[in-house]
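S.K.: Here the protein sequences come in this chain order: A and B.
According to UniProt numbering, the first sequence is numbered sequentially starting from 1.
According to UniProt numbering, the second sequence is numbered sequentially starting from 1.
There are 2 protein chains.
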Amino acid sequence: MKPKKISLSDIAKEAGVSIALVSYVLSGKEKEGRVGPEIAQRIRVIARELNYQPNLLAKSLRDGRTYTIGLIIADISNPFFANIAREVEDESRRNGYTVIIGSSDENADKAYDLMNVLINRQVDGFIIVSSENSERIVTHLQTIGMPFVLLDRHFPAFDTDFVVTNNAKASYEAGVHLLENGYRRIGFVAYRSVMFHVKERIRGYQDALRDRGIVAEADWLKEVQFDNMATEIRTAIDELLSGRVPIDAIIFSTYGLAVNGLKYFNERKVRVPDDVGVVSFGQAEVFDLYYCPISFMRQPIDVLGKRAVEVLMERLQQPDNPHRQVTIDAQLIARESSQRKPE
Amino acid sequence: MKPKKISLSDIAKEAGVSIALVSYVLSGKEKEGRVGPEIAQRIRVIARELNYQPNLLAKSLRDGRTYTIGLIIADISNPFFANIAREVEDESRRNGYTVIIGSSDENADKAYDLMNVLINRQVDGFIIVSSENSERIVTHLQTIGMPFVLLDRHFPAFDTDFVVTNNAKASYEAGVHLLENGYRRIGFVAYRSVMFHVKERIRGYQDALRDRGIVAEADWLKEVQFDNMATEIRTAIDELLSGRVPIDAIIFSTYGLAVNGLKYFNERKVRVPDDVGVVSFGQAEVFDLYYCPISFMRQPIDVLGKRAVEVLMERLQQPDNPHRQVTIDAQLIARESSQRKPE
DNA sequence: TTGAAAGCGCTAACAG
DNA sequence: CTGTTAGCGCTTTCAA
Chain A
1 MKPKKISLSD IAKEAGVSIA LVSYVLSGKE KEGRVGPEIA QRIRVIAREL
51 NYQPNLLAKS LRDGRTYTIG LIIADISNPF FANIAREVED ESRRNGYTVI
101 IGSSDENADK AYDLMNVLIN RQVDGFIIVS SENSERIVTH LQTIGMPFVL
151 LDRHFPAFDT DFVVTNNAKA SYEAGVHLLE NGYRRIGFVA YRSVMFHVKE
201 RIRGYQDALR DRGIVAEADW LKEVQFDNMA TEIRTAIDEL LSGRVPIDAI
251 IFSTYGLAVN GLKYFNERKV RVPDDVGVVS FGQAEVFDLY YCPISFMRQP
301 IDVLGKRAVE VLMERLQQPD NPHRQVTIDA QLIARESSQR KPE
Chain B
1 MKPKKISLSD IAKEAGVSIA LVSYVLSGKE KEGRVGPEIA QRIRVIAREL
51 NYQPNLLAKS LRDGRTYTIG LIIADISNPF FANIAREVED ESRRNGYTVI
101 IGSSDENADK AYDLMNVLIN RQVDGFIIVS SENSERIVTH LQTIGMPFVL
151 LDRHFPAFDT DFVVTNNAKA SYEAGVHLLE NGYRRIGFVA YRSVMFHVKE
201 RIRGYQDALR DRGIVAEADW LKEVQFDNMA TEIRTAIDEL LSGRVPIDAI
251 IFSTYGLAVN GLKYFNERKV RVPDDVGVVS FGQAEVFDLY YCPISFMRQP
301 IDVLGKRAVE VLMERLQQPD NPHRQVTIDA QLIARESSQR KPE
């Protein structure tokens, strides 16, 4: 039933030559004055006839490289990561690499298991969007000398390659933007996390208010639990909107928070931007389609993905170069959601 | 710098035994009365100490199976496919398989190239969301005896395994739903395609109208070009809404069409559902968040993905079983967009 | 109980 | 110019 796979030796037999010759010809090495032109031709013809397909497994085993990279992200069904994955996939293919993607669900243990699966499959390197408490992955990869690039999130305590957004700056700009549009009491919703990128976003927001002479009240900052986001965000918003003096704008620090927040706005009949101004991180069709198009800090997904692959390629070439640390600015896309109606 | 990988022979040397023994122990075969218990213990300890990681490449080369499956979809950054990918990934991992995903961009040539890349990487089988004109993939996989399952779309002319939505029925229900809510002049927007699933969706729509005694006018059906969708859909909607007698409802046959259509509604200030009722295929957060939540035919993504993997697993076990053809019903999620306001 | 060795398909050093 | 061969890491048959 299943036709046997064609191997070099099949072709060699058919052509009446040695395996080595076939290998040379088929990997374009006959230029080096190795193989006679007529026999090279014959081999090529036979290979075509038999529809020879090289076994990359064997080749990889032989020379210790698989031309495969492992991509560990939180969840491929989240559009932010899906887009990242797409960029990484495309750019990798351009470099002759195949990508294996794994979703960690922001769970450090799952991510670690995934890493091991991919190591066993002999990936040449990793691109990783880290989750909380996954420093173990970093240290392990470092001790075994496996090349990797951290993407979108990084650990400042470790000297590694990374490609990230300038989160503090992005938040800062989001804050200033709202202030300049007349908002004064600006809330900020983030995940509860010790991750650097989360802290940076909070810091940027706080700096913006402070620099503009606004005294932010502590309870303008809401941190919600990732696992319990759908419900906690409702409480957070309730509190923001029903405080002694309600806030007049909110910055959502991720796409997921924004979507759930906006959903709840609909439920509570909170009107954007009349009742509350909005700027979000992330980017998605949702923001275009909302009745009031949502302003957001456009994270440079395409650049992030491409650069991550580039940095990894460099690292594979030059394992001992100093680490590359790339920071890319986000871009404010101002829409109506942060445009206060003239009173 | 890079620590050498630990192999069986390293452990064997360390333990002063043969490679074979180590292999037996580490693959749990010492039960078969093969290995002495104390030596087995010693081997295990050493393996742990050295942090042995089996080289799956070598194992795969040896026994001709990689425990890898290739997933070919149109575009991982489309939420429908991203969710499919997620389900396939999870279910595969549960079965001890790793997934390699490739995006074809609905391009048959790209898909064929992808297929070859994955074949060279010795995947054990494929799950494929076919694009137009990619029958070649099907015939090729059949002639080389490579197991595969078509997902979401299939070719009725070929006898293959497949797992798909009952598209005709879904469309039919969408049509009936609108009719029962008082809409009479129902337009349908689809991609221009000869693919079976597209034709089926159109057929279901037409049958619904016919069965309810509505004479559908030919220009209620709009087919737009995939590559040029963003602009063609505007024309299509213009025509639907500005005909001699404008339509009063639209069915969008995919997520992408719906998103672009709704975006244009916003631009044209067309109000849903007052000016036009809407039902869409696909599913996404967008539909929740639109000012008027969008009714849609919920495609059973989770089931589709899981079943596809199941069918492939069966096929890998039983290459000669008759083909499994699984059809799963979509489910109408009725929201306000198809709820005509009482006049 | 244990070990030696073949072989999966490929590349490359070496020999002729 | 062409062939022989070792070896990547693993499993498994066969022999001891």
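From the three backbone atoms N, C-alpha and C, an ideal C-beta is built for every residue, glycine too.
All values reported here derive from a predicted model rather than from experimental measurement.
Under DSSP, the beta strand (DSSP E) around Ile247 of chain B begins and ends at which residues?
M.R.: First-last for Ile247 of chain B: undefined, no H or E at that position.
S.K.: Indicate the three-state DSSP secondary structure (helix, strand or coil) for Tyr112 of chain A in the structure shown.
M.R.: Here Tyr112 of chain A sits in helix by DSSP.
S.K.: Apart from the five residues just before and just after Ser131 of chain B, which ones in its own chain have a Cβ nearer than 7 Å to its Cβ?
M.R.: Hits under 7 Å: Ala74, Ser104, Glu106, Asn107, Ala108, Ala111.
S.K.: Using a Cβ-Cβ distance cut-off of 8 Å, determine whether Ile119 of chain A contacts chain B.
M.R.: At least one chain B Cβ lies under 8 Å of Ile119 of chain A.
S.K.: On the three-state DSSP scale, how would you describe Gly70 of chain B?
M.R.: Strand.
S.K.: Taking only the alpha-carbon atoms, compute the straight-line gap between Ser18 of chain B and Ala47 of chain B and give it to the nearest angstrom.
M.R.: Looking at the two C-alpha atoms, the distance is approximately 14 Å.
S.K.: Could you tell me how far apart the beta carbons of Gln122 of chain A and Leu56 of chain B are, in whole angstroms, since I believe they sit closer than 8 Å?
M.R.: The Cβ separation is near 7 Å, so the contact holds.
S.K.: So if DSSP puts Val311 of chain A in a beta bridge, which residue, or which two residues, is it bridged to?
M.R.: In the DSSP output, where bridge partners are listed per residue, Val311 of chain A has none listed.
S.K.: Looking at the secondary structure, which residues open and close the beta strand (DSSP E) in which Arg298 of chain A lies?
M.R.: Run containing Arg298 of chain A: 295-298, per the beta strand (DSSP E) assignment.
S.K.: In the DSSP output, what is Ser280 of chain A paired with across the bridge?
M.R.: For Ser280 of chain A, which the question treats as bridged, DSSP gives the partners A:Phe252, A:Phe296.
S.K.: With 16 as the cutoff for other CB atoms within 10 Å, does Asp227 of chain B come out buried or exposed?
M.R.: With fewer than 16 other Cβ atoms within 10 Å, it is exposed.
S.K.: Can you tell me whether Thr160 of chain A is buried or exposed, with buried defined as 16 or more other CB within 10 angstroms of its CB?
M.R.: The residue in question, Thr160 of chain A, is buried, as its Cβ has 16 or more Cβ neighbours within 10 Å.
S.K.: Go through the segment 131-214 of chain A residue by residue and report every complete run of the alpha helix (DSSP H) that reaches 4 residues or more, in order.
M.R.: With a minimum length of 4 residues, the continuous alpha helix (DSSP H) runs that stay inside the segment 131-214 of chain A are 135-144, 167-180, 196-211.
S.K.: Pull up the CB-CB distance for Ile101 of chain A and Leu71 of chain A, whole angstroms please, since I reckon it's below 8 Å.
M.R.: The Cβ separation is near 5 Å, so the contact holds.
S.K.: So, is the C-beta of Gln122 of chain A closer than 8 Å to a C-beta in chain B?
M.R.: Yes - at least one Cβ of chain B is within 8 Å of the one on Gln122 of chain A.
S.K.: Taking DSSP as the reference, what is the three-state secondary structure of Ser104 of chain A?
M.R.: In this structure, Ser104 of chain A counts as coil in the three-state DSSP scheme.
S.K.: Rounded C-beta distance between Asp248 of chain A and Val276 of chain A? I'm assuming under 8 Å.
M.R.: That belief holds up - the Cβ atoms of Asp248 of chain A and Val276 of chain A are roughly 6 Å apart, short of 8 Å.
S.K.: Using the beta-carbon of each residue, which ones in chain A are nearer than 9 Å to Thr98 of chain B?
M.R.: The answer, in chain order, is Ile100, Gly102, Val117, Leu118, Arg121.
S.K.: Looking at the unbroken beta strand (DSSP E) that takes in Ile127 of chain A, where does it start and where does it end?
M.R.: Start and end: 125-128.
S.K.: Could you give the distance in angstroms between the alpha-carbon of Ala85 of chain B and the alpha-carbon of Ile76 of chain A?
M.R.: Cα-Cα distance, rounded: 8 Å.
S.K.: Determine, using beta carbons only, whether Ile11 of chain A comes closer than 8 Å to chain B.
M.R.: So no, Ile11 of chain A is outside the interface.
S.K.: Please classify Leu312 of chain B as buried or exposed, where buried requires at least 16 neighbouring CB atoms within 10 angstroms.
M.R.: Answer is buried; the Cβ neighbour count reaches 16.
S.K.: In terms of alpha-carbon separation, which member of A:Glu336, A:Glu310, A:Leu332 lies closest to Arg93 of chain A?
M.R.: Checking every option, the nearest Cα to that of Arg93 of chain A belongs to A:Glu310.
S.K.: In this structure, what does DSSP give as the bridge partners for residue 344 of chain B?
M.R.: The structure shown has nothing for residue 344 of chain B, since chain B only spans 1 to 343.
S.K.: With a threshold of 8 Å between beta carbons, is Thr139 of chain A in contact with chain B?
M.R.: No, because no Cβ of chain B sits closer than 8 Å to the Cβ of Thr139 of chain A.
S.K.: Quick one: what does DSSP say Leu57 of chain B is sitting in, helix, strand or coil?
M.R.: Three-state result, Leu57 of chain B: helix.
S.K.: Tell me whether Arg212 of chain A is buried or exposed, calling it buried when 16 or more other Cβ atoms sit within 10 Å of its Cβ.
M.R.: That one is exposed.
S.K.: In chain B, which residues lie with their C-beta within 9 Å of the C-beta of Ile76 of chain A?
M.R.: Going along chain B in sequence order, the residues near Ile76 of chain A (Cβ under 9 Å) are Ile76, Ala82, Asn83, Ala85, Arg86, Glu89, Ile101.
S.K.: Going by DSSP in three states, residue 364 of chain A sits in which element: helix, strand or coil?
M.R.: The structure shown does not extend to residue 364 of chain A, since chain A spans only 1 to 343, so no value can be given for it.
S.K.: Report buried or exposed for Asn167 of chain B, applying the criterion of at least 16 other Cβ atoms within 10 angstroms of its Cβ.
M.R.: With 16 or more other Cβ atoms within 10 Å, it is buried.
S.K.: Run the CB neighbour count on residue 386 of chain A, radius 10 Å, all protein chains shown included, and call it buried at 16 or more, exposed below.
M.R.: Any question about residue 386 of chain A goes unanswered here, given that chain A covers just 1 to 343.
S.K.: Starting from the Cα of Asn133 of chain B, find the closest Cα among B:Ala157, B:Glu30, B:Cys292, B:Phe81 and give me that residue.
M.R.: With distances taken between Cα atoms, Asn133 of chain B lies closest to B:Ala157.
S.K.: Rounded to a whole number of angstroms, what is the C-alpha to C-alpha distance between Glu173 of chain A and Lys199 of chain A?
M.R.: Between Glu173 of chain A and Lys199 of chain A, the C-alpha separation is close to 16 Å.
S.K.: Within this structure, are the beta carbons of His197 of chain B and Val279 of chain B separated by less than 8 Å?
M.R.: No.
S.K.: How would you call Gln41 of chain B, buried or exposed, if buried means at least 16 neighbouring beta carbons within 10 angstroms?
M.R.: Answer is exposed; the Cβ neighbour count stays below 16.
S.K.: Just checking my contact of Ile39 of chain B with Leu21 of chain B at CB under 8 Å: how many whole Å lie between their CB atoms?
M.R.: Indeed they touch by this definition, with Cβ atoms about 7 Å apart.
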